[in-house]
Structure formats: C-alpha cells, structure tokens
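What follows is a short report on a single structure.
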Amino acid sequence: MSDRKIRLLGCCMAALVSGLVINAAGARADDNTMTQERLLNADQEDGNWILHHKDYSAHRFSNLNQINADSVKNLKVAWTVQLGGLEGGGIWTHGGLEGTPIAENGFLYVTDGWGSVYKIDAHHGEGVMLWKMDPKTDHDWAGAVACCGVDNRGVALWGDMVISHSLDGRLIATDKNTGKIAWQRQVANPDKGEVITGAPLVVKNMAITGVAGAEYGIRGWVAATDLTTHKEVWRTYTIPGKGEPGSETWKDDHEARATGGGSTWVTGSYDPKSDTIFWGVGNPGPDWDSQYRPGDNLYTDSTIALDANSGKIKWHFQHTPNDPYDYDSVAENVLVDLNGPNGTQKLDLEADRNGVGYAVDRDSGKFLWAVPFVKKLTWTKGVDPETGRPLEYDASKPVQNYAVTPSRDDKVTMVCPGNMGGKNWPPTAYNPTLHLWYIPVIESCNRITNEPTKPGSFKAREMFTGGGPSDPVRITGSVTAIDVTTGKEVAKQEAPYPMLGGLLATPTLVFAGQPDGHVMALDAKSLAPLWTFNTGGGVSAPPITFTVDGKQYIALLVGQGGAWDKWFIDGTPDLKRIAPSSTLYVFGL
Amino acid sequence: MNQNSWIMALALILLTAIVSPAVHGQTATHEDSAEGLRLFRTNCAGCHRWHGGGGGGYGGDALSLRRTKLDRAQIIEVIGCGRPGTGMPFHLRDAYNDGKCYGLSATDVSNGMVREAKNFLRPNEIEIIADYVIANVKGRGEPSFAECQAFFGTGSRACNVYKSQQTAGQ
Chain A
78 MSDRKIRLLG CCMAALVSGL VINAAGARAD DNTMTQERLL NADQEDGNWI LHHKDYSAHR
138 FSNLNQINAD SVKNLKVAWT VQLGGLEGGG IWTHGGLEGT PIAENGFLYV TDGWGSVYKI
198 DAHHGEGVML WKMDPKTDHD WAGAVACCGV DNRGVALWGD MVISHSLDGR LIATDKNTGK
258 IAWQRQVANP DKGEVITGAP LVVKNMAITG VAGAEYGIRG WVAATDLTTH KEVWRTYTIP
318 GKGEPGSETW KDDHEARATG GGSTWVTGSY DPKSDTIFWG VGNPGPDWDS QYRPGDNLYT
378 DSTIALDANS GKIKWHFQHT PNDPYDYDSV AENVLVDLNG PNGTQKLDLE ADRNGVGYAV
438 DRDSGKFLWA VPFVKKLTWT KGVDPETGRP LEYDASKPVQ NYAVTPSRDD KVTMVCPGNM
498 GGKNWPPTAY NPTLHLWYIP VIESCNRITN EPTKPGSFKA REMFTGGGPS DPVRITGSVT
558 AIDVTTGKEV AKQEAPYPML GGLLATPTLV FAGQPDGHVM ALDAKSLAPL WTFNTGGGVS
618 APPITFTVDG KQYIALLVGQ GGAWDKWFID GTPDLKRIAP SSTLYVFGL
Chain B
19 MNQNSWIMAL ALILLTAIVS PAVHGQTATH EDSAEGLRLF RTNCAGCHRW HGGGGGGYGG
79 DALSLRRTKL DRAQIIEVIG CGRPGTGMPF HLRDAYNDGK CYGLSATDVS NGMVREAKNF
139 LRPNEIEIIA DYVIANVKGR GEPSFAECQA FFGTGSRACN VYKSQQTAGQ
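Sequence order for the protein chains is A and B.
Numbering-wise (the numbering used here), the first sequence opens with residue 78 and increments by one.
Numbering-wise (the numbering used here), the second sequence opens with residue 19 and increments by one.
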C-alpha cells in the first residue's frame, strides 16, 4: 500500500469515526439528512441553527448559554472567512450580505448577495471553505430591477440538499456534499420586475418562495414548489384577481390591481398544529400615490395566514389600509404561546414598518393589541384598541387621510417613521422565558414627495412608485423590548445608526450589529450594552449561534448590504466612509 | 502702456481665465464612449435609469436626460454642482469651496440644501459623462432593444423586455 493510499484510508477512517460521535446538539453527527421531523423540532437542536428563523415560530432564540451575561466580556473573534459576491450589476455598484447562516453539525451554509452558496467546515477552530456553488446569476437582468440592493438572506436544508434562491428568480437545490446543482426551477420573472431576495421556507417537502418587486408594479405572490417533483404545488397571489375576495378593495376604474405590488420578500413562519403558514405582504404600488388606487388595497400591508396544503388564505390582518407611505408588512410573523388563567393564548406578533407592533390571534386573525415601538410616530394619532385600525381610518372613504398623508394635495410631507419603516426586514427575536420580544428599530423620519401617476403609464422593468423619498434629517436606531404579556415597551437601547441587521436572543443576551461595523451584546432584561466589537465593515445581517465539539460560537455575515448606501445615506452621512466587504465572522470565548 | 491699458489687459486676462474652461468644455468632446458608459452606469443610472429617462423611485424624481434641453456646458455644471433643493447631488469635491457653483458656500452644503454625491468625480470624468449623455441619451425617443444591448451587452437578459416590445410593435 502506497503512502498516498494509507493517508487516504486514514482520512476516511477518521471521517467515519467522527461521524459516529454524538455532538453537542444531541443529534448524531451522521444525522445529516434534513427531515420534516427535525424541522418541527428545530428548537431542540440547541447546537444547530437549521431554519432561517431558528424555528418555525421565528423566535431566533437559542438555549445555548456558555456565552452569557457574565462571560460575554471574554468574547473575541475565533476566525473569519472571506466570501465573494462584491461585484455590482444592474443599477448596483456592489453586492452585500444580509443572510442568516444555517449551522448543522459544525458546518455552516451561507450566501452572498448574488446567491452563491458557501459550505464552511467550522471544526478544528477555524473555518475551511469546502465548496462554493455559483448559480451564475444574470447580474444585469436582476440587478437592474432589484429596488433595494443585491441581497440574499440565506438557505434552507432538505434531505441532502441545500435549497436556495438567486436574485434572478430561481429556486436551486444543491447537493450538500458536493456543491453541485442537482436541479433548479425558475420561480420569479425579472422581465416583470420580479426578483427574489428572501430565504426559502421548507414545509412538508415544499419550498415556499416569496418575491420582491412592488416598486416595479408587480402583482405579488407566495409560491410552493414540491421538492421531489420540482413542480409548483400552489401559487397564491397577494393581490386578488377580478371577482375574488378582496378585489372589492380596489375601487379604481383603471385596473390598479394589475400593478398593485404586495411583494413577499421576507421568510415566513409555520404553525404545524393548524398547518398554517404565516407570511407578510408588502406595500401597494405605486408606493406614494394612494389616490391612484382608492380602496383598502388588500392584501397589501397585511399578514396573511395560508393553508399549507393549498395556499388558500385563511385570514388576513391589514395594518395600513390604502397605504401612502411604503409601509410594508413583509416582516416575519413571530408565533408565541402564552399560558394564562383562560388557557393558552396563541399570538402572532408582527413589528410593522409603520412603527407599530401588533399581536393578533393566530388561529383567527383577531386583533389583540398594538404598541408603537419608535420614538416618533406622526402618520397616525394612534391605533384603535378595538379594531387595530389607525384611528383616522374611515371605511366609507376610498382614499384614507391619516394624520400626515402624502398626496396629490400635499405633495411634500415629512413622515415618521420614514419609508424604510420603524422596522424593516431585519428580524426580531423573542425570549420565551422572559416573554420579551426584541425589535431592531430604525428611528427615523423622512420626506416624501408625491408624483401623480397617470393610468397607462406603467412600463415593465421601470420604477412605478408615484414619487420618492429623501432624507434631510438624521436617522438613528434602537433595540426595543416589548413584554408580550402586557403589550408594553419595557426597554429601549438607543444606537447611533439604524438597525439594519436583525437580532439574536439567548437566555441572558441579545446580539445585534450596526451599519458602522459594530457588533454588540445587550443584557436580555435591561438591554444595557455588555460587549462590543468593531468588525470594520457594515453589518446588515442577523447573528446566529451554534456549537462545534461542545463549544458555543456566534456567527455573523459582515458586508454592507441593501439599499442604505445608495438611497438613504443622507440620513447617516458619516456612513459614507464604510466600504463594501464580504466576510463571515465567527466569535467564541 | 497707460493705466487704462493695464486695466484693459488685466480684464482680458481675467476674462480669458474665467471663460476658457467653458469654451474648452463646449468644443472639446471625448470619443471614449466606453468610458462614458462605465461612468454613467456607476454614477448616474441608479436614479436616471440605464436609458437616462429618469422617473420617480427610491432615488427621487430624477429628470429625463433624453428630454433635457441642457447643453454640454450646462450638463457639466449640473453634474459638478448638483441642483440645490433637489435630489441631484454635486460631484465636484470643491464645488462649494469658492462660490463657483451658484455663488453658494460650504454652509449651504452642510445644511442639506445641496446633496453631496457618495463618490466625487474628476473634471475630466464629468466631461466624459456629459459627452456620453449628448451622444447616446439626449434627444432620444423611447428606449430600444439596440440601445439596451449597447448598454448592458448581449450576454444578459436585461433587454428581453425591449425585444418583446419591438416584436409586438411589428
């Protein structure tokens, strides 16, 4: 036997032995096949992070507690890996990182903005890139109609495949071991202004896909693809067709529904007990000309509850009817069970771009409570405690006039929160022991200029917005904690910059990143800062935590993503100094 | 040379110094359209679109460069100095250091009256962009498939929509 053969045999034996070791997650390390049972119990795999939002309830909470309020002061960089995807395309000069890493048995799966997937071996105290799957995204086709950056928010796992999206509208299955594409399917069509930035949600052998493009006059949808046959199971449009329920909320005479927006670009959540998928729906189009589309414009700015098998809408709850602000409701829906004297209250929580956090009953969609989570909110005088509607809402009026309303009659208005919202896509986190819901907040106002939209003016792949925003005043941020047992704000830690990355909760900590590069750990109760580190690059992605060989780590993608540096930089002019980058940071004690 | 002659000569020198760049800008053009396309794409296309038609959106309500009446010198001025009170930023680093842009000062920049571009351009680059606009954008009608391919190349599907429109129109 040659030396080479001996080395190969030794390598294989080592791999075999390591495959039989039980890891800290409690799952066998050779248990590398993703099943529905594992996804249903994702919160029990403490050392892994196998769903986009950690679990189907979108808690983004981990029980791991080696890194805690006492030990976090010793947290330091364990290793980094440089990624790619920095190149521009379309109207964008660079790509960015907004993804949530997926961690399984010491291997990480991360994406760059153009949809390349990287598998990284996190064993042995360093990160080793095992493979990169480059989907060869058509940069200009997609990048010319991506409203808000070159972004991809991560992957899902199923069987022995990594399931991902590309900005140019594909659903892609990659062999987890080889990095080779097994199959792919075109789900969205950039010719219509559709692109995909969100991570897929896998439910019962289906990949659920959301779409972006409301600024380009798309008709939004959520689609399910069978992961065995690779065929579409259902596609539910978020703008109803002619005669369908909800179509009566489009009261115009020029088919505004056809370009009505309602995109779905943030990954949803799932309740297996009711077999219901919860998904957020974005703004109506044109964004800032609500007089073009009189009516409530369902199902824009709504949470929709979908039957997992059929995609049929079970219920909806709309936050900003006839929205003139660009107040998407694409945010993730956080599912919380609260035990009380009258039984278990099943909440669906949503932190809306309009600056208000909502709780509704997740079986019926019935409104429960609402709480503003921004320091300054001017668009409405408040939320009706009975209905959850804005106080000024008048069902008899086709066009709503809230406290401040951009319109053809009031063409330039300052609105708070600004159109990026009190909270944009960056995900919240929920601590089930403390019953605290943490919201990454953009504390902002901005100036909206209305431009009347003429019927017939729509052109494919051209922005269809009815105006535009500008940012003449300083924008900051905060992490704000809501006690979900009372629906009240209990803590707010202000930050110099908007929260563009999202949160992670552990038993005693909340982790967050800032677009100036700082990562921080806050006390879970008081939100007092306990640790900070400057990564040197813009952070616009959420942190996760995982274990390798029993040791806890924090992982975070660093690389200025999204649209902030292109469209909103005037609100934070000192962030002009931040250069694009593309790095995976991993921290350990 | 008497005193009046000295004054006249000095005035001529000053006048030449002031006018020369503009005259130079009016007559000299840059043939390097590839460089113009690259600069336009990086600095202008986000708001004015690849075709220069402008329109509303996250970048504000950018004016149409296809329908613009501005001449070369005016385009150079607007790129360099921006347009106060609008979303058009200034791209010359020292635009507001000495009052050469509309007589405004650095204070007017700091109070947000004029937006500052994220990336500054050299005067020569501004001229190249202006020449690109005049040669490829100004005065054009509806964007065409050929124009789109000239911008994005032939490897992308970014122009499909114009091809189908062209086919539909036949």
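Glycine included, each C-beta is placed from N, C-alpha and C at the ideal position.
Give the range of the alpha helix (DSSP H) segment to which residue i is assigned.
| i | result |
| --- | --- |
| residue 59 of chain B | 51-61 |
| residue 353 of chain A | First-last for residue 353 of chain A: 353-357, but that is the beta strand (DSSP E), not the alpha helix (DSSP H). |
| residue 216 of chain A | 216-220 |
| residue 125 of chain B | 124-128 |
| residue 93 of chain B | 90-99 |
| residue 568 of chain A | No alpha helix (DSSP H) holds residue 568 of chain A; the beta strand (DSSP E) holding it covers 565-572. |
| residue 169 of chain B | 163-170 |
| residue 113 of chain A | 113-117 |
In the DSSP assignment, what are the bridge partners of residue i?
| i | result |
| --- | --- |
| residue 553 of chain A | A:520 |
| residue 204 of chain A | Residue 204 of chain A pairs with nothing; no bridge assigned. |
| residue 611 of chain A | A:595 |
| residue 448 of chain A | A:434 |
| residue 661 of chain A | A:158, A:634 |
| residue 392 of chain A | A:382 |
Quick check: is the beta carbon of residue i nearer than 8 Å to any beta carbon in chain A?
| i | result |
| --- | --- |
| residue 170 of chain B | yes |
| residue 151 of chain B | no |
| residue 56 of chain B | no |
| residue 84 of chain B | no |
| residue 164 of chain B | no |
| residue 120 of chain B | no |
| residue 115 of chain B | no |
| residue 148 of chain B | no |
How many Å lie between residue i and residue j at the Cα?
| i | j | result |
| --- | --- | --- |
| residue 99 of chain B | residue 491 of chain A | 26 Å |
| residue 224 of chain A | residue 101 of chain B | 24 Å |
| residue 125 of chain B | residue 110 of chain B | 16 Å |
| residue 265 of chain A | residue 314 of chain A | 13 Å |
| residue 154 of chain A | residue 630 of chain A | 10 Å |
| residue 451 of chain A | residue 551 of chain A | 15 Å |
| residue 300 of chain A | residue 232 of chain A | 16 Å |
| residue 262 of chain A | residue 198 of chain A | 28 Å |
| residue 259 of chain A | residue 211 of chain A | 13 Å |
| residue 304 of chain A | residue 276 of chain A | 15 Å |
| residue 216 of chain A | residue 121 of chain B | 42 Å |
| residue 241 of chain A | residue 503 of chain A | 19 Å |
| residue 591 of chain A | residue 443 of chain A | 35 Å |
| residue 131 of chain B | residue 103 of chain B | 5 Å |
| residue 505 of chain A | residue 144 of chain A | 20 Å |
| residue 657 of chain A | residue 617 of chain A | 11 Å |
| residue 343 of chain A | residue 200 of chain A | 31 Å |
What does a CB cutoff of less than 7 Å around residue i pick up in its chain, not counting 5 residues either side in sequence?
| i | result |
| --- | --- |
| residue 148 of chain B | 90, 93, 94, 97 |
| residue 459 of chain A | 468 |
| residue 612 of chain A | 594, 596, 635, 662 |
| residue 621 of chain A | 126, 177, 178, 180, 581, 632 |
| residue 318 of chain A | 324 |
| residue 449 of chain A | 432, 433 |
Following the continuous beta strand (DSSP E) through residue i, name the residue where it begins and the one where it ends.
| i | result |
| --- | --- |
| residue 147 of chain B | Looking at the DSSP string, residue 147 of chain B is not in any beta strand (DSSP E); the run it does join, the alpha helix (DSSP H), is 141-154. |
| residue 624 of chain A | 621-625 |
| residue 247 of chain A | 247-252 |
| residue 163 of chain A | Premise fails: residue 163 of chain A is in no beta strand (DSSP E) and is neither H nor E. |
Within its chain, find whatever has a CB closer than 8 Å to the CB of residue i; leave out the 5 residues flanking it on each side and keep chain order.
| i | result |
| --- | --- |
| residue 355 of chain A | 345, 346, 347, 348, 380, 381, 382, 383, 410, 412, 425, 439 |
| residue 157 of chain A | 204, 660, 661, 662, 663 |
| residue 573 of chain A | 553, 554, 591, 593 |
Consider the Cβ of residue i: report whether some Cβ of chain B lies at a distance smaller than 8 Å.
| i | result |
| --- | --- |
| residue 493 of chain A | no |
| residue 488 of chain A | no |
| residue 249 of chain A | no |
| residue 414 of chain A | no |
| residue 387 of chain A | no |
| residue 273 of chain A | no |
| residue 526 of chain A | yes |
| residue 643 of chain A | yes |
Using C-beta distances below 6 Å, list every residue in its chain close to residue i, excluding the 5 sequence neighbours before and after it, in chain order.
| i | result |
| --- | --- |
| residue 479 of chain A | 456, 457, 467, 469 |
| residue 139 of chain B | 109 |
| residue 397 of chain A | 378, 404, 431 |
| residue 208 of chain A | 196, 256 |
Looking at the ligand ADP, does it come within less than 7 Å of residue i, judged from the CB to the closest heavy atom?
| i | result |
| --- | --- |
| residue 488 of chain A | This structure lacks the ligand ADP; in fact it carries no ligand of any kind. |
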